[in-house]
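*Asks:* Got a structure for you, written out below as structure tokens; questions coming shortly.
Numbering (our numbering), first residue to last: 299 to 429.
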């Protein structure tokens with residue numbers, strides 16, 4: 299089984315086609331890799347998480363500056379881990395957005411992640427081994 303097929307298996311019950319929609323929306327932006335994480339598939343740019351497609355929706359890393367405004371949008375909820383809101387991360391219900399809006403959300407996340415320093419080569423190699 300190929301790595302892509304293995305990742306796709308993580309979302310085989312994805313009735314909205316979120317994984318395919320996310321891949322299409324990201325397109326051919328260079329430097330983006332995929333990794334199985336958060337019960338789905340994570341999309342990373344130079345080792346930094348951009349988004350994650352799972353049964354819970356689309357996790358987006360928008361940064362703290364855009365966090366509060368994003369939460370005002372329909373279909374957006376905070377990411378909660380162990381009872382604590384993770385400022386800068388939100389979940390988007392993919393049923394609430396069309397493909398163009400999904401692309402806009404992803405490009406907002408990509409724009410934020412581009413401001414972050416790349417992960418070290420060693421970290422990126424470890425991430426690739428986990429795929």
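Where a beta carbon is used, it is the ideal one built from N, C-alpha and C, also for glycine.
Taking the C-alpha atoms as reference points, what is the distance between residue 315 and residue 324?
*Replies:* In the chain shown, the residue the question calls residue 315 occupies position 17. In the chain shown, the residue the question calls residue 324 occupies position 26. Answer to the nearest angstrom: the Cα atoms are 14 Å apart.
*Asks:* If you reduce the DSSP assignment to three classes, tell me which class residue 327 lands in.
*Replies:* For the purposes of this step, residue 327 is identified with residue 29 of the chain shown, where counting begins at 1. The answer is coil: DSSP assigns residue 327 none of H, G, I, E or B.
*Asks:* Around the Cβ of residue 379, are there at least 16 other Cβ atoms within 10 angstroms (buried) or fewer (exposed)?
*Replies:* Working through the chain shown from its first residue, we reach residue 379 at position 81. It is exposed - the Cβ of residue 379 has fewer than 16 other Cβ atoms within 10 Å.
*Asks:* For the alpha helix (DSSP H) that residue 363 lies in, which residues bound it at each end?
*Replies:* As a working mapping, residue 363 is identified with position 65 in the chain shown. Segment 362–369, the alpha helix (DSSP H) holding residue 363.
*Asks:* Taking the straight line between their C-alpha atoms, what separation do you get for residue 407 and residue 348?
*Replies:* Counting from one through the chain shown, the residue named residue 407 turns up at place 109. Counting from one through the chain shown, the residue named residue 348 turns up at place 50. Taking the straight line from one Cα to the other gives about 6 Å.
*Asks:* Would you kindly work out how many angstroms separate the C-alpha atoms of residue 366 and residue 341, rounded to a whole number?
*Replies:* For the purposes of this step, residue 366 is identified with residue 68 of the chain shown, where counting begins at 1. For the purposes of this step, residue 341 is identified with residue 43 of the chain shown, where counting begins at 1. If you take the alpha carbons of residue 366 and residue 341, they lie about 23 Å apart.
*Asks:* Tell me which residues share the same chain as residue 397 and place their Cβ nearer than 8 Å to its Cβ, disregarding the 5 neighbours each side in the sequence.
*Replies:* To locate residue 397, count along the chain shown from 1; it is residue 99. Closer than 8 Å at the Cβ level, and outside the excluded window around residue 397, lie 319, 322, 323.
*Asks:* Tell me whether residue 405, by its Cβ, gets closer than 7 Å to a heavy atom of the ligand HEM.
*Replies:* Summarising the ligand content, the structure contains no ligands, and the ligand HEM is consequently not present.
*Asks:* Just grab the DSSP bridge partners of residue 298 for me.
*Replies:* Nothing about residue 298 can be reported from this structure: the residues present for the chain run from 299 to 429 only.
*Asks:* DSSP state of residue 356, grouped into three classes?
*Replies:* If you number the chain shown from 1, residue 356 lands on position 58. If DSSP states are grouped into helix, strand and coil, residue 356 belongs with the strands.
*Asks:* For a test of the three-state rule: what should DSSP assign to residue 388, helix, strand or coil?
*Replies:* Residue 388 sits at position 90 when you count from the first residue of the chain shown. It is a strand residue.
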